[in-house]
Structures are given as C-alpha cells and as structure tokens.
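Numbering (full-length UniProt numbering), first residue to last: 1 to 591.
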Amino acid sequence: MVRAFGSAFTLDLRLNHHLLASHYVERHLGAGSNGSHSTGAGEHCYYQGRIRGQPRSFAALSSCQGLRGVFSDGRATYLIEPQAGAEHGQGLRPHIVQRVPSCPRLGCLFPALSQRVPGEIPKLRRRRQVRRAQHTVHSETKYIELAVVNDHQLFLQLRKSVVLTSNFAKSVVNLADMIYKEQLNTRIVLVAMETWAAEDRIRMGQDSLETLNEFVKYRREGLAEHSDTVHLFSGRTFQSSRSGTAFVGGICSAARAGGVNEYGNVAAMAVTLAQTLGQNVGMMWNKHRTAAGDCRCPDSWLGCIMEDTGYYLPRKFSRCSIDEYNQFLQDGGGSCLFNKPLKLLDPPECGNGFVEAGEECDCGSLAECARSGGNCCKKCTLTHDAMCSDGLCCKGCKYEPRGVSCREAVNECDIPETCTGDSSQCPPNLHKLDGYFCENEQGRCYGGRCKTRDRQCNALWGRSSAERFCYEKLNVEGTERGNCGREGLGWLQCNKQDVLCGFLLCANISGSPRLGELSGEIATTTFYHQNRYVDCRGGHVQLVDGSDLSYVEDGTPCGPGMLCLDRKCLPATAFNFSSCPGSWDGKICFD
C-alpha cells in the first residue's frame, strides 16, 4: 500500500516473468580495453499490475532498492522513487511521490506536486500469469527481443551508478512492455544491456538521426548478442521536436533495427520507447491521418502514443497505429517476432504457468488448469501417457501429427507453418526465399514481401504505377521529376536499362502520401502518346529516419529475369538466390 495525497493506493502486482530472457547478459564498459565487466541478471524485482478496485488503473514498478516506477488511477499518474540517498537504507525508506495531472498539453511536462512518503515498502505479492491462446499472426503473441545500451550521459545522470542505471533502464522497459502487452499482444523481452560507464563508444551529436546512424554501425560491429532491435537510452536532450528516433519498419534487420531515446523520467522514457519501437514495427506518426479525421484516438484527454501533438504520458495506441502494425505483419514484416525466447529462470515455482527446471509442464493456478491443460498436467508433472499440456501443436495431451497447420501464411511470399509431430510448439515463422514469383508472376518475393511498382504506388499513394513510357521518358532526364538519385545538389540520370529502378512514378496521385512526409510538391507531367494522354506523377517522400520512399524498391522486377538493386536493373543471377534442392517436385524453399 502506498499513501500519498490523502489517498491509500493498494497495488496488486505480479512479477513480470517475461522481462528478461534466460540468456540475458549485462555488461558495463569502463576505461581501456580491459574495462568490460559482464554480469547476469541480478535481482529480478520488476512488477506489473493495477490499483485494487480501479479497472482503468495500471502500475509498473520495481522493488530493487526501494520502490521505483509509475502507477495511475485513470485520473492522475503517480511517479514514485526512493528519496536521494535512501536506496541503500534498511527498514523504513522515505520515498518521493510525484503526481502528474492527466492534462493534454505541454504545460504538464513537469510534475506540479510532489510529496515525501516515509514508510516501509510492503513485500510485493506475486500473482499468476494469464496466458493467451495463439491462433494467427495477429492473435498469436509476438516477442520483441530488445537489447539496450545506456550512454555515458545517462550513467552520469544516475549518479555514476551501474546498478541505478541498470535498474532505471529495466523499469523503462517494464512499463513499455505493459503497454505493448495490453494493446498489441506483444511482449518486450530484454536480452542484453550495456552501460558506457567510462565514455561514449560512438560520436554523440545533437542530431538524433546522425546519432542513430552511428549507433547502428556500433551495433553491427560491437554487440555480439542476438536481438530483434537495439535501442540507445541517452542522458542527453537532442535538438529535435520528438524525444526519440528510429528506423521505420526496421525490426529484424541488422542494418535498420535500432532506435535512440532521450532522457526523461521512467514514465516519459517508456512512452518514447513505445514510440520508437512502434516505428520499428511499421507505425507512423498519426499527424496527417488525424487531421483527415480517419484516425481517432480512443483517449481524447491523454492522447495517443503516436500522435504528434504534445500530449504527456499517453497510454493508448490509436486504431491507425494498431492497423499499421497488423498490416506490417500481414505484409511479411516482423518474422523474427514469432520466436518465443526463454524467460528468465527464476527459482522453479509450480503453478506460475511456466515450465521451469525440474518441471514437465505447468498449466498455472488451479483455476487456470481447470480451464486448460489440467487433464494433462498434475503438480507440474505430465499425467499418464500425456505428451504435452499446452501449445498450438498440443491437442488432447498429445502432439499434433506432423503436417497439421498451426500458423497460416499471411501473403504469397509467406509459408504456412505446420507441426513437427514431436513438439507442442509451432515452429518459428518463416517466409519463402527471395526470388519466388508472386502476383501472377508480375512480382518477386524479396524479404518476405511481393515487390511490384503497382504495390509500392498503392502503399504510398493509394494509386497504381504510371506506365512504362513515363519511366522511359522522365528517369533519363536527371531532374527532380525523373532521376536515379541525388548527386550533390543535383540529380543523377538513369541509364536507359535502369529507368524502371529509378524515381517512382505513379498515376493520378494527389494530396499527402499515406506514409512519411512530402518534401516539396508532387511533380506532374502529361504526355500525349499513341493517341492518348499519359499521366506521370511523383513526389519526394521521406520518413523521420531519413529513409527516402521515392524510388523503386530493391527486388522489384524490371524486365524478364531482371530485378532492381540500388537503382540498377540487374539479372536475377546477380542476386545469388539460393537454389532449393528438390524444387522440381513442388517443394518450397524458405528462410
């Protein structure tokens, strides 16, 4: 129980078993080449839950060295942390509780009220996890395996303490995980953390996008741990209108799976992390769609997470953001999110819903076991003749036969997953190898998606591609309305054979693009060709991460046996597509 501002808040909390992976590693880098020290997870003391009796409430707290985190009663948000210097005290520890009124403007950026709260933090009671049924890519639980790097400035902000820095970062991820779990059926799992205790390991500037580009280079060269994305937690404030920067749709990519998040309290930084991870999984800022009235936020008072309107501590994703995430998955993005990491191996506890060391099964509490799995699992031991108790490939306590479908294909370039016959779990989500034909042999699979100019124009503008004649006439010009990229302050002409891989030209487009920001105006050109008028239009569209959507995507067909790569039209043989042994008998290669 926490008493503050004349109220008593009883917090019902449960340990967040999903926060840390079993192979989680923590590393802090000191001075010199021998200054690296790695440790395990340490104390696991990160909880999620609600205020008792208040269904619109939430809480995400840690009990490491006092109580630190956030809780809300739906009317105001409360930030709690130990008073400075009290983290290492015994028994009664004074805490500071700050109340942030739920107001929708930047005037609420700084807490107006705070109160010192003496008292002993009660022992937090663990509650059982409730597991969700898994059926499709939308209803199946996704897992973002996240690595976090804390820069030197954050280390300084947190009193040059590796422990405080680590606990702060975990508290941020714990709150972001609660947001994603409740609204997106997606868990955020920490697989690694690195703290730059002596100095920054990259060049840190005031431009967050430049810092992001430097950071992803460091990720490729300096971080050995596997992750779906890596995010920098910085103690700096960047010269940007937003608190974070990330590559849009970059999840699962070694080159683009990253983000930068600037300093704030736990709650503010968790919202920033929710935004930047949202960009990684295909979400856009809701600016244009909100203005058009087709993207309403369910919380008009607190606002929504991907809104660009200065709300403080929003907790909800708009319908648009959720649709963009689902469409990203439907288009074949995020294939790495379906691999469930092993949770942190706490001391085994029968009845917590997780199969741990010494257990054959664990269907949860008595009530949970009565709903599902209880006939197959008794006291965390499989019943007589039972092979399994849960999983998409477990039915009637037996493994589903080999070949039974457990996850449908989401598009032409995906493949359905089937049970193996010797496991209760559905295999990892895979897609066809690059190079397969799709869309009636008009497109090619590339990175799990079907690539055509029509699809790209439709995704960006809601229209089809312009005719080939437009590409042939305009992209050889080397002007703003037709080119193969920039060269200094000018434009590159396309070689004749590369025109279909240059500037993206679409038919009858107008207004704002569905994605990104239009730089300048739409260039419109009309030709009279073969006794009719041909409409050719294009616009330079950029994402907040600097990506340019104005050019034909890699992997798009540009002729018989030819595909685009870096604005060149190359033979498919140049892509070194993997061959599939036995493909003559109809088998499909996958990756």
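Glycine included, every Cβ here is placed at the ideal spot set by N, Cα and C. These figures come from a predicted structure and were not determined experimentally.
Legend entry - Burial state of Ser-424 (16 or more Cβ within 10 Å): What you label residue 424 is simply residue 424 of the sequence shown in a count that begins at 1. Per the 10 Å Cβ criterion, buried.
Inset, instruction - Between the Cα of Glu-262 and those of Val-271, Lys-398 and Asn-411, spot the shortest distance and give me the residue it belongs to. - result: Indexing the sequence shown from 1 puts residue 262 at position 262. Closest by alpha carbon: Val-271.
Inset, instruction - Name, in chain order, the residues that DSSP records as bridge partners for Asn-150. - result: If you number the sequence shown from 1, residue 150 lands on position 150. Answer is Thr-195 and Phe-233.
Inset, instruction - Over the uninterrupted alpha helix (DSSP H) stretch that includes Asn-280, give me the two end residues. - result: One-based indexing of the sequence shown puts residue 280 at position 280. Where Asn-280 is concerned, the enclosing alpha helix (DSSP H) stretches over 266 to 280.
Inset, instruction - Tell me whether Cys-450 sits in a helix, a strand or coil according to DSSP, three-state version. - result: As a working note, residue 450 is residue 450 in the sequence shown. If DSSP states are grouped into helix, strand and coil, Cys-450 belongs with the strands.
Inset, instruction - Ignore the nearest five residues each way along the sequence and tell me which others in Ser-7's own chain have a CB closer than 7 Å to its CB. - result: What you label residue 7 is simply residue 7 of the sequence shown in a count that begins at 1. Excluding sequence neighbours, Ser-7 sits near nothing in its chain.
Legend entry - Segment contact flag, the region 407 to 423 with the region 446 to 453, C-beta cutoff 8 Å, min 3 pairs: For the pair of segments examined, the region 407 to 423 was found to touch the region 446 to 453: the number of CB pairs separated by less than 8 Å reaches three.
Legend entry - Boundaries of the alpha helix (DSSP H) in which Phe-215 is found, first to last residue: Counted from its first residue, the sequence shown places residue 215 at position 215. Run containing Phe-215: 208 to 222, per the alpha helix (DSSP H) assignment.
Inset, instruction - Report yes or no: do three or more beta-carbon pairs, one from the region 169 to 180 and one from the region 202 to 217, lie closer than 8 Å? - result: no
Legend entry - Same chain, Cβ closer than 6 Å to Cys-494, neighbours up to 5 away in sequence not counted: Along the sequence shown, read from residue 1 onward, the residue named residue 494 stands at position 494. For Cys-494, the CB contacts under 6 Å within the same chain, skipping 5 residues up- and downstream, are Asn-475, Val-476, Cys-484 and Gly-502 in chain order.
Legend entry - Extent of the continuous beta strand (DSSP E) run through Gln-330: Stepping through the sequence shown from its first residue, residue 330 is reached at position 330. From DSSP, Gln-330 is part of no beta strand (DSSP E) but of the alpha helix (DSSP H) over 319 to 330.
Inset, instruction - Identify the continuous beta strand (DSSP E) that holds Asn-261 and give its terminal residues. - result: Here residue 261 refers to the residue found at position 261 of the sequence shown. That run of the beta strand (DSSP E) goes 258 to 261.
Inset, instruction - Please go through the same chain and pick out, in chain order, the residues whose beta-carbon is closer than 6 Å to the beta-carbon of Ser-389, but skip the five residues on each side of it. - result: For the purposes of this step, residue 389 is taken as residue 389 along the sequence shown, with counting starting at 1. Hits under 6 Å: Cys-361, Cys-363, Gly-373, Cys-376 and Cys-377.
Legend entry - Pair within 8 Å by beta-carbon distance, Val-191 and His-226: Reading the sequence shown from its first residue, position 191 is the one you call residue 191. Reading the sequence shown from its first residue, position 226 is the one you call residue 226. Yes, the pair counts as a contact, with Cβ atoms nearer than the cut-off.
Inset, instruction - Assign Cys-470 to one of three DSSP states: helix, strand, or coil. - result: Residue 470 sits at position 470 when you count from the first residue of the sequence shown. Reduced to three states, the DSSP call for Cys-470 is helix.
Inset, instruction - Compare the C-alpha of Leu-504 against each of Arg-567, Gly-488, Glu-517 and Asp-545 and name the closest. - result: Taking the sequence shown and counting its residues from 1, the one referred to as residue 504 is at position 504. If we check each option's Cα against that of Leu-504, Arg-567 comes out closest.
Legend entry - Reduced DSSP category for Tyr-180 - H, G, I as helix; E, B as strand; rest coil: The residue you call residue 180 lines up with position 180 of the sequence shown. Note: Tyr-180 maps to helix in three-state DSSP.
Legend entry - Span of the beta strand (DSSP E) around Leu-11: Working through the sequence shown from its first residue, we reach residue 11 at position 11. Per DSSP, the unbroken beta strand (DSSP E) holding Leu-11 starts and ends at 11 to 15.
Legend entry - Three-state secondary structure assigned by DSSP to Gln-83: Residue numbering aside, residue 83 sits at position 83 when the sequence shown is read from its first letter. Residue state, collapsed to three classes: coil.
Inset, instruction - Classify Ala-112 as buried or exposed, calling it buried when 16 or more other Cβ atoms lie within 10 Å of its own Cβ. - result: Along the sequence shown, read from residue 1 onward, the residue named residue 112 stands at position 112. In this prediction, Ala-112 scores a pLDDT of 32, lower than 50, which makes its location untrustworthy; the coordinate-derived value is nonetheless stated afterwards. Classification for Ala-112: exposed.
Legend entry - Residue range of the beta strand (DSSP E) that includes Cys-536: As a working mapping, residue 536 is identified with position 536 in the sequence shown. Its beta strand (DSSP E) spans residues 532 to 542.
Inset, instruction - Starting from Glu-521, trace the beta strand (DSSP E) both ways and give me its first and last residue. - result: Here residue 521 is taken as the residue at index 521 of the sequence shown, counted from 1. It spans 517 to 529 - the beta strand (DSSP E) in which Glu-521 sits, taken as one unbroken run.
Inset, instruction - List the endpoints of the continuous beta strand (DSSP E) containing Ala-60. - result: Within the sequence shown, residue 60 is the residue found at index 60, counting from 1. Where Ala-60 is concerned, the enclosing beta strand (DSSP E) stretches over 58 to 62.
Legend entry - Nearest residue (CA-CA) to Arg-14, options Ala-357, Ser-512, Ile-322 and His-44: Position 14 of the sequence shown holds residue 14. If we check each option's Cα against that of Arg-14, His-44 comes out closest.
Legend entry - Inter-residue Cα distance where the pair is Ser-300 and Pro-314: Here residue 300 is taken as the residue at index 300 of the sequence shown, counted from 1. Here residue 314 is taken as the residue at index 314 of the sequence shown, counted from 1. Taking the straight line from one Cα to the other gives about 10 Å.
Inset, instruction - Would you decide whether Gln-497 is buried or exposed? Buried here means 16 or more other CB atoms lie within 10 Å of its CB. - result: If you number the sequence shown from 1, residue 497 lands on position 497. Classification of Gln-497: exposed, given that the 10 Å Cβ count is below 16.
Inset, instruction - Tell me Val-25's beta-bridge partners as DSSP assigns them. - result: Taking the sequence shown and counting its residues from 1, the one referred to as residue 25 is at position 25. Paired residues: Ala-192.
Inset, instruction - To the nearest angstrom, report how far apart Arg-319 and Leu-184 are at their CA atoms. - result: Numbered from its first residue, the sequence shown carries residue 319 at position 319. Numbered from its first residue, the sequence shown carries residue 184 at position 184. C-alpha separation (whole angstroms): 11 Å.
Inset, instruction - Count the other CB atoms, across all protein chains shown, that sit within 10 Å of the CB of Gln-275; report buried if there are 16 or more and exposed otherwise. - result: The residue labelled residue 275 in the question sits at position 275 within the sequence shown. Its Cβ being crowded by 16 or more others within 10 Å, Gln-275 is buried.
Inset, instruction - Measure how close the beta-carbons of Ser-434 and Gly-555 come, nearest whole angstrom, since I'm counting them as under 8 Å. - result: The residue given as residue 434 occupies position 434 in the sequence shown. The residue given as residue 555 occupies position 555 in the sequence shown. Before going on, a small fix: residue 434 reads as Asp here, not Ser. Right, the Cβ-Cβ distance comes to about 7 Å (below 8 Å), so this counts as a contact.
Legend entry - Neighbourhood of Phe-328 by C-beta distance below 7 Å, restricted to the same chain and skipping five residues each side: As a first step, residue 328 must be located in the sequence shown, where it is residue number 328. If we look at Phe-328 and ignore the five residues flanking it on each side, its Cβ neighbours are Gly-249, Val-281, Gly-282 and Gly-334.
Inset, instruction - Counting only the same chain and skipping the five closest in sequence on each side, list residues whose C-beta sits under 7 Å from that of Ala-60. - result: Locating residue 60 in the sequence shown gives position 60, counting from the first residue. So the qualifying residues of the chain are Gln-48, Gly-69, Val-70, Asn-174, Leu-175 and Met-178.
Inset, instruction - Determine the contact status of Leu-29 and Ala-147, defining contact as a CB-CB distance below 8 Å. - result: Locating residue 29 in the sequence shown gives position 29, where the first residue counts as 1. Locating residue 147 in the sequence shown gives position 147, where the first residue counts as 1. No, the pair does not count as a contact, with Cβ atoms beyond the cut-off.
Inset, instruction - Report buried or exposed for Ser-166, applying the criterion of at least 16 other Cβ atoms within 10 angstroms of its Cβ. - result: Start at 1 with the first residue of the sequence shown, and residue 166 comes out as number 166. Burial call: buried.
Legend entry - Cβ-Cβ separation, Thr-186 to Ile-144 (assumed contact under 8 Å), whole Å: Looking up residue 144 in the sequence shown gives position 144. Looking up residue 186 in the sequence shown gives position 186. With a Cβ gap of about 6 Å, Ile-144 and Thr-186 count as contacting.
Legend entry - Reference residue 593, options His-529, Asp-535 and Gln-530, closest by Cα: Any question about residue 593 goes unanswered here, given that the chain covers just 1 to 591.
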